[in-house]
Amino acid sequence: MRVLYLTHRLPYAPNRGDRIRAYHTLRALAGHADVELVSLLHEREEQAALAGMHELADRVHGLRTRWLRSRLAALLALAGPRPLTHVLLDAPGIRSRLARIVARRRPDVVLALCTGMARFALEPPLASIPWVLDMVDVDSEKWRALGERTRGPMGWIYRREARTLARFEALAARCAHRTLVVTDRERRSLARLAPEARIEVVENGIELAHFRNPAPPAASSEIVFCGVMDYAPNHEAAVWFATEVLPRVRRSRPEATFRVVGMRPRPELVRLAARDPAITVTGAVDDVRPELWRAAVSVAPLMTARGVQNKVLEALAAGLPCVVSPAVAAGLPTALAPFCAVADSAERFAEATTSLLALSPAERRERVRTAPLAAYDWAQRLAPLVASLAEAAATRPA
Numbered sequence: 208m209r210v211l212y213l214t215h216r217l218p219y220a221p222n223r224g225d226r227i228r229a230y231h232t233l234r235a236l237a238g239h240a241d242v243e244l245v246s247l248l249h250e251r252e253e254q255a256a257l258a259g260m261h262e263l264a265d266r267v268h269g270l271r272t273r274w275l276r277s278r279l280a281a282l283l284a285l286a287g288p289r290p291l292t293h294v295l296l297d298a299p300g301i302r303s304r305l306a307r308i309v310a311r312r313r314p315d316v317v318l319a320l321c322t323g324m325a326r327f328a329l330e331p332p333l334a335s336i337p338w339v340l341d342m343v344d345v346d347s348e349k350w351r352a353l354g355e356r357t358r359g360p361m362g363w364i365y366r367r368e369a370r371t372l373a374r375f376e377a378l379a380a381r382c383a384h385r386t387l388v389v390t391d392r393e394r395r396s397l398a399r400l401a402p403e404a405r406i407e408v409v410e411n412g413i414e415l416a417h418f419r420n421p422a423p424p425a426a427s428s429e430i431v432f433c434g435v436m437d438y439a440p441n442h443e444a445a446v447w448f449a450t451e452v453l454p455r456v457r458r459s460r461p462e463a464t465f466r467v468v469g470m471r472p473r474p475e476l477v478r479l480a481a482r483d484p485a486i487t488v489t490g491a492v493d494d495v496r497p498e499l500w501r502a503a504v505s506v507a508p509l510m511t512a513r514g515v516q517n518k519v520l521e522a523l524a525a526g527l528p529c530v531v532s533p534a535v536a537a538g539l540p541t542a543l544a545p546f547c548a549v550a551d552s553a554e555r556f557a558e559a560t561t562s563l564l565a566l567s568p569a570e571r572r573e574r575v576r577t578a579p580l581a582a583y584d585w586a587q588r589l590a591p592l593v594a595s596l597a598e599a600a601a602t603r604p605a
């Protein structure tokens, strides 16, 4: 089976949600398919990692996006019907590259990751090839939620993106052989947009052995939050916890500290850490595991969240109890939800966090010891994706 895999980011390093699923998809396809990968590149880091991708895919193509060009194009596109997602996730020469790939060795099936890459599967030269859409999340719902909470010009832009992207999501789901989403919540959202679409839930997994702490739990009072910190919902969550929750926690646990781990923190968050010694902002780290292993509690206080938050699965695998917002809890696998405390206000977040900090390190680890994470092996979780590709490939005319 020859698979052409389209991703909006290079699937390496697997240090953010969109890369993690794509990376494990490539690993799941190994041995089942000949994979040709076409990825958009946004950073020098991705360009440097391109050569190493040949260990995961048989052929690899990286096309660099142009920051200024795409932003200017997005500004011009505001007056039209196109989702800004499509304008921003584009690269000069991608269509001609796809044409050469098809002319040289026509794929049996196309796999498009997320709505941003789905449009290429609907256009020549790929339009006549069966395809599967790994939508993951219904992104229009995220923009809708942000639009409801945001005033001014950005609120209007978010609401516009929700409308235009929802129309495209419905079209893409109807046209794909099968559309995959990461939770039943996403399935229900997409079914409202495209009732006739063939939708299947393919959950994320976790590398349990990779994240499991080999040492006894740390005698710590550190609260950790991990994420890509220039992503608006992550930034807002970190600032909210630092300003609204941490002071409440420290009234009863004055030794408590808050550590924000993740690349590209915004200046507002860096300034908060500079003013308060109880707050640390690390920026990018080579390996998130030591950051988890040194902590006592993990928090995910996002007010806007879709799909599964990998940061929660990773924290549970590292032996950390978690406090999460209702938006994050809504995306958790049913079997894992009981191992996370859910809090919907600063007061309740502080209460839940303080209660966990009051436990001994061994008691905190015991809280999550029986979480059924072994059932979330990536290969097992992604088996339906591989099967969907084989099924779609079989429909290709001889």
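The sequence shown: position 329 = 536 (the numbering used here), numbered continuously.
Ideal Cβ placement from N, Cα and C applies to all residues, glycine included.
6 Å CB neighbourhood of residue i in its chain, flanking five on each side removed
i: S277; result: L295
i: A491; result: M470
i: L509; result: P440, A444, S532, A534, V535
i: V488; result: V467, P472, L476, V477, A480
i: Q516; result: A507, V535
i: A559; result: V530, A548, A550
i: V452; result: A553, F556, A557
Euclidean distance between Cα positions of residue i and residue j
i: E262; j: V339; result: 23 Å
i: E252; j: D265; result: 21 Å
i: L580; j: E410; result: 12 Å
i: T511; j: V309; result: 39 Å
i: L233; j: V267; result: 12 Å
i: Y219; j: A594; result: 24 Å
i: D341; j: L543; result: 23 Å
i: A522; j: R312; result: 43 Å
i: F465; j: A569; result: 21 Å
i: L211; j: V242; result: 6 Å
i: R458; j: L563; result: 15 Å
i: L333; j: V345; result: 23 Å
i: R603; j: A328; result: 14 Å
i: E330; j: A255; result: 30 Å
i: I227; j: L387; result: 16 Å
i: R271; j: S303; result: 14 Å
i: R395; j: E348; result: 11 Å
i: C321; j: G224; result: 12 Å
i: A599; j: M208; result: 10 Å
i: A240; j: E554; result: 51 Å
i: L679; j: R460; result: The question about residue 679 has no answer here: the residues shown for the chain are numbered 208 through 605.
i: Y438; j: L566; result: 32 Å
i: V431; j: L499; result: 7 Å
i: L378; j: V343; result: 16 Å
i: D315; j: M436; result: 38 Å
i: A524; j: E250; result: 29 Å
i: P360; j: F448; result: 26 Å
i: A281; j: R367; result: 12 Å
Residue i, enclosing beta strand (DSSP E) - first and last residue
i: S505; result: 504 to 507
i: D241; result: 241 to 248
i: T214; result: 209 to 214
According to DSSP, residues forming a beta bridge with residue i
i: V492; result: For V492, which the question treats as bridged, DSSP gives no partner whatsoever.
i: I688; result: Look at the range of the chain in this structure, 208 to 605, and you will see that residue 688 is not part of it.
i: A553; result: DSSP output for A553 lists no bridge partner at all.
i: R266; result: E243
i: R271; result: L248
i: L318; result: Y212, V339
i: A548; result: V530
Same chain only: Cβ atoms within 7 Å of residue i, ignoring 5 sequence neighbours per side
i: A284; result: L291, V294
i: L236; result: V210, V242, V593
i: A373; result: S347, L400
i: G538; result: T390, R392, A512, R513, G514, V515, Q516
i: R572; result: P424, G526
i: N420; result: W500, A525, G526
i: V519; result: A507, C529, V531, V535, L539, C547
Nonlocal neighbours in the same chain, by C-beta distance under 8 Å from residue i, ignoring five residues either side
i: V495; result: N222, C433, V468, E521
i: R381; result: A401, E403, A404
i: D493; result: none
i: A398; result: A404, I406
i: R385; result: V339, L340, R405, I406, E407, S595, E598, A599
i: R273; result: A298, P299
i: A425; result: W500, R501, A502, A503, P568
i: R326; result: H293, F375, A379
i: F418; result: R496, L499, E521, A524, A525
Segment limits, alpha helix (DSSP H) that includes residue i
i: G323; result: 321 to 329
i: L523; result: 517 to 524
i: G224; result: 224 to 236
i: P288; result: No alpha helix (DSSP H) contains P288, which DSSP labels as neither H nor E.
i: S303; result: 301 to 311
i: P684; result: The shown model of the chain, from 208 to 605, leaves out residue 684, and the question about it has no answer.
i: R501; result: Premise fails: R501 is in no alpha helix (DSSP H) and is neither H nor E.
i: L596; result: 585 to 600
i: R576; result: 568 to 576
#### Entry: 4-residue-minimum alpha helix (DSSP H) runs that sit fully inside the stretch 331 to 395, ordered along the chain
Complete alpha helix (DSSP H) runs here, min 4: 346 to 356, 359 to 382.
Unbroken stretches of the beta strand (DSSP E), 3 residues or longer, contained in the stretch 389 to 476 = Listed in chain order, the complete beta strand (DSSP E) runs (minimum 3 residues) inside the stretch 389 to 476 are 406 to 408, 429 to 433, 464 to 468.
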